[in-house]
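Novice: Listed in order, the protein sequences are those of chains A and B.
Letter 49 of the first sequence, counting from 1, is numbered 49 in the numbering used here, and no numbers are missing.
Letter 79 of the second sequence, counting from 1, is numbered 183 in the numbering used here, and no numbers are missing.
By construction, the Cβ of each residue, glycine as well, lies at the ideal position given by its N, Cα and C atoms.
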Amino acid sequence: MLCSNTEEIPGQQIVEFYGVVTGSTVRSKHIGRDILAGFKNLVGGELKGYTELLQEARKEALDRMMDQARSVGANAVINVRFGTSSVAQGAAELFAYGTAVRVE
Amino acid sequence: MDLLIMFSSPLFLLLLGFFIGIRLESNHYKSIRDRELEMRDLVAINFSRLPLDIEVEKAEMVTGSVVVSLDYFKRFLAQLRAVVGGRIKSYEPLLDRARREAVLRMKEQALANGHNRVINMRLETSRLANSRGGGKRTAGVEVLAYGTALSVREKS
Chain A
1 MLCSNTEEIP GQQIVEFYGV VTGSTVRSKH IGRDILAGFK NLVGGELKGY
51 TELLQEARKE ALDRMMDQAR SVGANAVINV RFGTSSVAQG AAELFAYGTA
101 VRVE
Chain B
105 MDLLIMFSSP LFLLLLGFFI GIRLESNHYK SIRDRELEMR DLVAINFSRL
155 PLDIEVEKAE MVTGSVVVSL DYFKRFLAQL RAVVGGRIKS YEPLLDRARR
205 EAVLRMKEQA LANGHNRVIN MRLETSRLAN SRGGGKRTAG VEVLAYGTAL
255 SVREKS
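1) Looking at C-alpha atoms only, which residue of Arg-226(B), Gly-218(B), Arg-231(B) is the closest neighbour of Glu-93(A)?
2) Is the Cβ-Cβ distance between Ala-69(A) and Val-80(A) less than 7 Å?
3) Under a CB-based cut-off of 7 Å, is Ile-14(A) close to chain B?
4) For Phe-95(A), which option in Val-103(A), Asn-75(A), Met-65(A), Arg-102(A) has the closest C-alpha, if you only look at C-alpha atoms?
5) So, helix, strand or coil for Ala-92(A), using DSSP?
6) Starting from Thr-22(A), follow the beta strand (DSSP E) in both directions and report where the run begins and ends.
7) With a cut-off of 7 Å, does the C-beta of Thr-99(A) fall near any C-beta of chain B?
8) Could you tell me whether any Cβ in chain B is nearer than 7 Å to the Cβ of Val-72(A)?
9) By the three-class DSSP mapping on this structure, what secondary structure does Met-165(B) have?
10) Does the Cβ of Gln-13(A) have 16 or more other Cβ atoms within 10 Å, making it buried, or fewer, making it exposed?
11) I'd like to know whether the C-beta of Gly-237(B) is nearer than 7 Å to at least one C-beta of chain A.
12) For Glu-228(B), list the residues DSSP reports as bridge partners.
13) For Val-43(A), collect the residues of the same chain with a Cβ closer than 7 Å to its Cβ; drop the 5 residues on either side in sequence, then sort them by chain order.
14) Smallest Cα separation from Glu-60(A): which of Gly-49(A), Val-15(A), Tyr-97(A)?
15) Indicate whether Phe-17(A) and Val-103(A) have their beta-carbon atoms separated by less than 7 Å.
16) State the Cα-Cα distance for the pair Val-15(A) and Leu-181(B), rounded to the nearest angstrom.
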């Protein structure tokens, strides 16, 4: 499964469009991570727990998007975009969307 | 008990933030500069196609992200600054560090998968709210860098 955020996959020809596919996940961090991040907030710097959490969540959103693309018979997703929205206190939604296509 | 009061006093937190925060920041900047120099050959552009006529062998999407936060001392400075308004110098290096780090991580992923160009790079920033404190206190800022990594070869 190819994935790209450009309007075409360089070096490949688009032969068919299948429309927009999306994938999303809603995550929250557990209280332990919150407390650790609270301590880290005193000295500043990277909050590794949150970085990992968001990376995992984003990967999951991409995987779901690609599953959907696979189910409509595509072999690539182009023009992929990411979005984030906070739905509730301490929880975030991460979504990815793109256009499912068949390339050769 | 006295010790507990001392460790949670604002003055102690300010000093802790000031000394450790400055150290962490300068170490981080040093590491960013070193790695940027190392990865100078991997060019990332924000065009959606390569402006040169070269052959592309494979393409893949790469991402890099980082969550960073300010230290207690700088947050305090920023709050003071907000009273009179104007440029908040203590926040600027934070976002700069985060963006450069995110781009570096994206490039690291591209390098690890054997690519030598990144096109259509995009940067996104979002604020993480702390679930405690009514979501008003910012827990950090997330910066995401993503783009399409390419393996290219000069046309012979």
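Specialist: Judging by the given coordinates:
1) Position 93 of the first sequence, counted from the first residue, corresponds to residue 93(A). Nearest of Arg-226(B), Gly-218(B), Arg-231(B) to Glu-93(A), Cα basis: Arg-231(B).
2) Your numbering for residue 69(A) matches position 69 in the first sequence. Your numbering for residue 80(A) matches position 80 in the first sequence. Contact: no.
3) Locating residue 14(A) in the first sequence gives position 14, where the first residue counts as 1. Ile-14(A) does not count as touching chain B.
4) Residue 95(A) sits at position 95 when you count from the first residue of the first sequence. Here the closest residue by C-alpha is Met-65(A).
5) Taking the first sequence and counting its residues from 1, one reaches residue 92(A) at position 92. If DSSP states are grouped into helix, strand and coil, Ala-92(A) belongs with the strands.
6) Within the first sequence, residue 22(A) is the residue found at index 22, counting from 1. Taken as a continuous stretch (DSSP letters only), the beta strand (DSSP E) holding Thr-22(A) covers 14-28.
7) Here residue 99(A) is taken as the residue at index 99 of the first sequence, counted from 1. No - not a single Cβ of chain B is within 7 Å of the one on Thr-99(A).
8) Against the first sequence, residue 72(A) aligns to sequence position 72. It does not; no Cβ of chain B falls within 7 Å.
9) Your numbering for residue 165(B) matches position 61 in the second sequence. Here Met-165(B) sits in strand by DSSP.
10) To locate residue 13(A), count along the first sequence from 1; it is residue 13. Counting Cβ neighbours within 10 Å, Gln-13(A) comes out exposed, since fewer than 16 surround it.
11) Translated into positions along the second sequence, residue 237(B) becomes position 133. Summary for Gly-237(B): the model assigns pLDDT 49, below 50, so the residue's position carries little reliability; its value from the coordinates is reported in the next sentence. Cβ-Cβ to chain A under 7 Å: no for Gly-237(B).
12) The residue labelled residue 228(B) in the question sits at position 124 within the second sequence. Glu-228(B) is bridged to Leu-248(B).
13) Numbered from its first residue, the first sequence carries residue 43(A) at position 43. If we look at Val-43(A) and ignore the five residues flanking it on each side, it has no Cβ neighbours.
14) Your numbering for residue 60(A) matches position 60 in the first sequence. Nearest to Glu-60(A) by C-alpha distance, out of Gly-49(A), Val-15(A), Tyr-97(A), is Tyr-97(A).
15) Mapped onto the first sequence, residue 17(A) falls at position 17. Mapped onto the first sequence, residue 103(A) falls at position 103. Cβ distance not < 7 Å, so Phe-17(A) and Val-103(A) don't count as in contact.
16) Position 15 of the first sequence, counting from 1, holds the residue named residue 15(A). Position 77 of the second sequence, counting from 1, holds the residue named residue 181(B). Between Val-15(A) and Leu-181(B), the C-alpha separation is close to 57 Å.
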